[in-house]
Amino acid sequence: MLVSWKWLNELVEIKKTPQEIANLLTMSGIEVEGITFGLADSANLKVGLLKEITKHPQADKLVICRVEIGIAEERTIVTGASNVKAGQKVPVALPGAVLVDGKQIERAVLRGVKSEGMLCSAVELGMDVEKIPAEQKKGIYILSDTVSVGDNVVEVLNLDDVILELELTPNRADCLGMLNIAREVAALTGGKLKLPLVKGSEEGHECAQMAQVDIEAKDLCKRYVARLIKDIRIAPSPLWLQQRLMAVGVRPINNVVDVTNYVMMEMGQPLHAFDYARLQGKKIVVRKARENEELVTLDAQLRKLYPDMLIIADAEKPVAIAGVMGGLETEVTTKTKTILLEAAFFHGASVRRTSRTLGLRSEASLRFEKGVDVEQVRLAADRAVQLLAEIGAGTPVEGCVDSYPGREERQPIKLRIEKVNQVLGTALTPETMEEKLKALHIKVVEKNKAGWLFLPPSYRRDLVYEVDLIEEIARLYDYDKIRTTLPEGVTTQAIRTAEQKLRQQIRKTMVAQGLLEVLNYSFINPQQLDFLGIPEEHALRDVVTIQNPLSEEQGVMRTTLLPGLLSTVQRNVNNRNKNLKFFELGQVYFAHGFPAKQKLPMEKWMLAAVSTGEKEKTWAYEAKKYDFYYLKGVLENLVERLGVTANDLCWEVVTDLPGFHPSRTALIKLKGKKIGILGEIHPWVLEKYEIEQRVSMLNIDVEKLGAEEREQKVFVAPLTKYPAVTRDLAIVVSEEVVAGAVAKLIKKEGGDWLSEVRLFDLYRGQQIQEGYKSLAFSLTWQAPHKTLTDEEVNNLHQKIEKALQKEFSADLRH
Amino acid sequence: MREQLGLLKEKAEKELSQCKRLDDLNAFRVKYMGKKGELTKILRGMGKLPAAERPVMGQLANKIRDSLENKIADLTEKLKKKEMEQSLLAESIDITLPGIGPELGRQHPLSLVIEEIEEIFLGMGFMIEEGPEIELDYYNFEALNIPKDHPAREMQDSFYLSPEVLLRTHTSPVQARTMEKMRPHLPVKIIVPGKVYRRDDDATHSPMFHQVEGLLIDQVVRFSDLKGVLLNFAQQMFGADQKIRLRPSFFPFTEPSAEVDISCVMCKGTGCRTCGQTGWLEVLGAGMVHPRVLEMGGYNPEEVSGFAFGMGVERIAMLKYGIDDLRLLFENDVRFLRQF
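Below, the structure written as structure tokens:
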């Protein structure tokens, strides 16, 4: 909502600067988002009359104008504009004038001809080109013939107005009219209101004989007022009216349209004018559209009407879409003799639905949507009629038709004095409260012990509850003046839940291991699941689809974190960052019977990590790959940190996981429960993402990490003082034998005192037969209560060797 | 014999003083005190002396030997130290070569900020509650006093999954869920961090973003308490000199409602580009829980009262870290992520 400072000053007495008023409004809940100051300089901007225009002798594109700027005062001005003609009145910037861009006009010589000023365009004058007639947007701004030569252009065009831009909250639709903004300013400053005097009309008379109003859809139209104006003379509005409209962002059209817009901006009540002669049966019917009805609207579009739309019809057919747009056939034209002026209250939600369906939103529909003041509908019509008469646009027909089926008695609101102070934490006196409410025209209707009864003005439809009045008091008292306290209730202790702690610990541990945390959107392109090669019936296809996505890119809720992470890798690799390790801790979403069987889809916390590239070779150390084993180590560390030993993890080969490498992927189990997968991404998938390097990925179901169990305390194992004995064990086994199985057997055979089994070498190549590999383990024994003898250790070692020979046909190497 | 010993002592001490290396010392010891050493020989020759001279000579010889031994020991110590010093010199390294430490990971700035907010409110006794991101229209709107056709629904254009189910547009539905869960228990004292979604995607809006909601319901909770708690939060989050400013505003689920500004973190309130020369930054929405919301949540508004607030995590992260482009937060560029 744009507010003209000059207009506002006519409605309320103001002794403050625009900046001060803006601040007061903002601090009382009507946020002023911006202030636009117009042109300040005025003395050197004058209305000039073009007496003669001649061609410039040296330049094809320039003309020389002889301009009259006062009695017997002429100037020669050179211009490049092509739209000027002798006899026109134009804005002339004389030397010394400062234009809106800060440019100061000086005398100049243009191609040998002296120029004593400049003719100005709308832009140079600081006018908003969006709000002026199309033909005035380019070239020199042509002034109305009615202005006087030598007059100040700033005054003529109202260029020095200050515009406040309001950002209104949905509850303050009443401030979509200048009058209520003026009332608000008066309440804040104590300034005197100077509201326009409107002569009210009486129901009936000639008007009622000439027109009839029939509200069929009483649920969607609370009130409809019709007034008639005859002897209509369509013409441009007077300048002051045009200026007002332009200042608040409305383009002047003609006197009738301008007056309806003026009253809308002034009182917040949209109006519509029909060509009375074209209304069949001289009748207005407010009803819902019927099946297959159509209407050509003012914009010359044929609109199909749906049965839930509220329309205005005459005796035969629709003539307007209520609150949204009028029909072309009943449009007011230069041939119009009599107009029927409509002022009504249409149901906000209905107008919103219709305007959305048709894609037609306007200043009028916006006001109906937010709710107009039903009590002032007739006053708005009367105001418009009065203005039309004042500017000579027509002659009012006496009386009006006022159909008001939706009349409701407004109930007063009870306010308890102690409640106000209890809610706010203040110690305001009843007098202060009453004074604040009175300033807002909220009247006391009764005072008794149980509480005072207040009746808000009709335009404040947002005031319903006691707390609404409390807010009004607080708002006018000033939120800043309310003291600062701390809650006085019982002290509570707050800690994270087990699940929250688990997630925090996961995050910290992943970060501690050198991974970067990322955050991706929760929605993905369903095509990404195709990229991963997920089969049709797979669980990851159990997606929840967004009905109104912004784009196909964000069409479904993710069932896996993988696509987001792969896209992250792709983007970074494209930026030439090739060594990457990321993790994301976030939710995935499964339909899981939604919407047929479940009210809501299923949400689940997942941890995923990707790694690719390597830790690059340094001057001292070799490169280390960010591969499968890197992520495996990360997970082992993580579970250790979470209080389970890496030994509790079990790794199973899985060859058919969609999206993963068939022979480099593992299913991970923790104490027998499947918790996730770790593997290399399938090269086909990488190709789809245009990633040309191997990528590994870990995907863990966070819930399965067991938040509850983890709450158990760690019991520290005693540190033995007896020495450890270490033996190396090297074997050659066939390639099929996996290291994990060998280690498991060693542990089984090595006895209780075998405290560590560490694989320190894996070798293939020279001296090893093809199809075989050498594994070298370092085994450590340590007993809590004694020093182990060589013999004891040797026996165990031999036992292990025998078992390995038997189980894996291992060849022992000494 | 006496002269012989005297000469030997003199000669030995002279030689000893010329020993420069540990090897020289060893040779010296062998020469004089070894099995065939000169002093050893003399000591062995003691037997030939008359019995009366033996003790005297023996004592003298032993004294010379002890003195030499002591000197050898001293010198050994000195030379060892010297040799160690020399060998360490040869081990010098280039201390300017780059270090090779383990790599540092980083938390995402948004998760860092959420954690910081959580810590502040945990310290004030607020539990952390969570709720579904895919939410029923009832909890997202109705239970928050936003009935169908309410103009406030327009403020939040939503992603719908079915006519009654949507991606939550704010963390406020967890207010309603928590009240239902906890009624009639008091106090309800929670914060709700989480993802929220709105149909907006431009330079200053992301279709997915994060909020932290706060709710306190107790027997008596005042607007002034809201001010106190938020001031406390702002000062812990942005510094002890922070000021806050509350402006009347509108939310369907609170009344009175307020927009909460903090003094600009860039210019400390003097006015700059970040705060549009106002000295203030809008970071929070807040208010007293609307009686209708309490009622729907199962509490009697005549018996309890409460406040609620909500803040955008992205906004706070951007202010805190000087991030000027919202999109950086979701692009996951390592060059960005490594800075936290």
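Same order as they appear, the protein sequences are chains R and G.
Residue numbers 88 to 901, in my numbering, belong to the letters of the first sequence in order.
Residue numbers 2 to 341, in my numbering, belong to the letters of the second sequence in order.
All C-beta atoms in this analysis are idealised placements derived from N, C-alpha and C, irrespective of residue type, glycine included.
- Around LYS775(R), the same chain offers PHE618 as residues with beta carbons nearer than 7 angstroms, after the five sequence neighbours per side are excluded.
- Here the segment 263-271 of chain G does not lie against the segment 157-167 of chain G, with fewer than 3 beta-carbon pairs under 8 angstroms apart.
- Non-local beta-carbon contacts of GLY307(G) in its own chain, meaning distances under 6 angstroms to residues more than five positions away in sequence, involve LEU217, ILE218, VAL222 and VAL290 in chain order.
- Residue state for PHE234(G) is assigned as helix, using DSSP reduced to three classes.
- At a cut-off of 9 angstroms, the C-beta of SER173(G) has no neighbouring C-beta in chain R.
- In this structure, ASP238(R) keeps its C-beta atom at 9 angstroms or more from the C-beta atom of ARG547(R).
- Contact between the segment 657-668 of chain R and the segment 677-685 of chain R is absent, with fewer than three C-beta pairs closer than 8 angstroms.
- The alpha helix (DSSP H) runs lying completely inside the segment 39-85 of chain G and spanning 4 residues or more are 39-45, given in chain order.
- Taking a contact to require three or more Cβ pairs closer than 8 angstroms, the segment 382-389 of chain R and the segment 407-418 of chain R qualify as touching.
- For ASP839(R), no Cβ of chain G is located within less than 9 angstroms of the residue's own Cβ.
- Under the 9 angstroms criterion on CB atoms, PRO133(G) is classed as interfacial with respect to chain R.
- In the displayed model, PRO394(R) falls within coil according to three-state DSSP, outside both helix and strand.
- Within the segment 291-306 of chain G, the residues whose Cβ lies closer than 9 angstroms to any Cβ of chain R are, in chain order, HIS291, PRO292, ARG293, PRO302 and SER306.
- A check of alpha carbon separations from PHE331(G) across ALA287(G), LYS196(G), GLU117(G) and LYS269(G) identifies LYS196(G) as the nearest.
- The straight-line gap separating the alpha-carbon atoms of GLY323(G) and GLU822(R) is approximately 56 angstroms.
- Here LYS536(R) is exposed, its C-beta having fewer than 16 other C-beta atoms within 10 Å.
- For the pair PHE224(G) and PRO253(G), the CB atoms are not nearer than the 9 angstroms cut-off.
- Look at the beta carbons and you see the segment 30-38 of chain G not touching the segment 888-898 of chain R: under three pairs across the two are nearer than 8 angstroms.
- Counting only Cβ-Cβ distances below 8 angstroms, PRO543(R) has no contacts in chain G at all, with the closest Cβ about 14 angstroms away.
- Chain order gives the chain R residues near GLY106(G) as MET597, VAL598, ALA599, GLN600, GLY601, LEU602, LEU603, GLU604, LYS668 and PHE670, where near means a beta carbon separation below 9 angstroms.
- Looking only at LEU8(G), MET128(G), LEU98(G) and ASP150(G), the smallest Cα-Cα distance to ASP138(G) is reached by ASP150(G).
- Per DSSP, reduced to three states, the secondary structure at GLN299(R) is strand.
- Between the segment 449-457 of chain R and the segment 255-271 of chain R there are three or more inter-stretch CB-CB distances shorter than 8 angstroms, so the stretches are counted as touching.
- Taking 9 angstroms as the cut-off, the Cβ atoms of ALA471(R) and THR347(R) count as close.
- For secondary structure counted as the beta strand (DSSP E) over 3 or more consecutive residues, the segment 171-210 of chain G holds these complete runs in sequence order: 189-198.
- Closest in alpha carbon position to ASP395(R), among ARG440(R), ALA322(R), PRO357(R) and PHE361(R), is ARG440(R).
- Only residues of its own chain outside the window of five on either side were considered, and among them TRP92, ILE122, VAL249 and LEU251 have a CB closer than 7 angstroms to the CB of PRO105(R), listed in chain order.
- Here ASP318(R) is exposed, its C-beta having fewer than 16 other C-beta atoms within 10 Å.
- The beta-carbon of ALA436(R) is placed less than 9 angstroms from the nearest beta-carbon of chain G.
- In this structure, the straight-line span from the alpha carbon of ASN341(R) to that of LEU326(R) is close to 11 angstroms.
- Proximity of chain G to SER609(R) at the Cβ level (cut-off 9 angstroms) is accounted for by GLU134, LEU168, LYS196, TYR198 and MET209, in chain order.
- Close partners of SER225(G) in chain R (Cβ separation under 8 angstroms): LEU511, GLY512, THR513, ILE569, ARG570, THR571 and THR572.
- Going by DSSP, GLN674(R) is part of the beta strand (DSSP E) stretching over 667-677.
- In the assembly as shown, ILE65(G) is a buried residue. Its beta-carbon has 16 or more other beta-carbons within 10 Å.
- Using a 10 angstroms sphere on the CB of PRO650(R), the tally of other CB atoms reaches 16 or more, which defines it as buried.
- Taking a C-beta distance under 9 angstroms as the contact criterion, VAL99(R) and VAL272(R) qualify as a contact pair.
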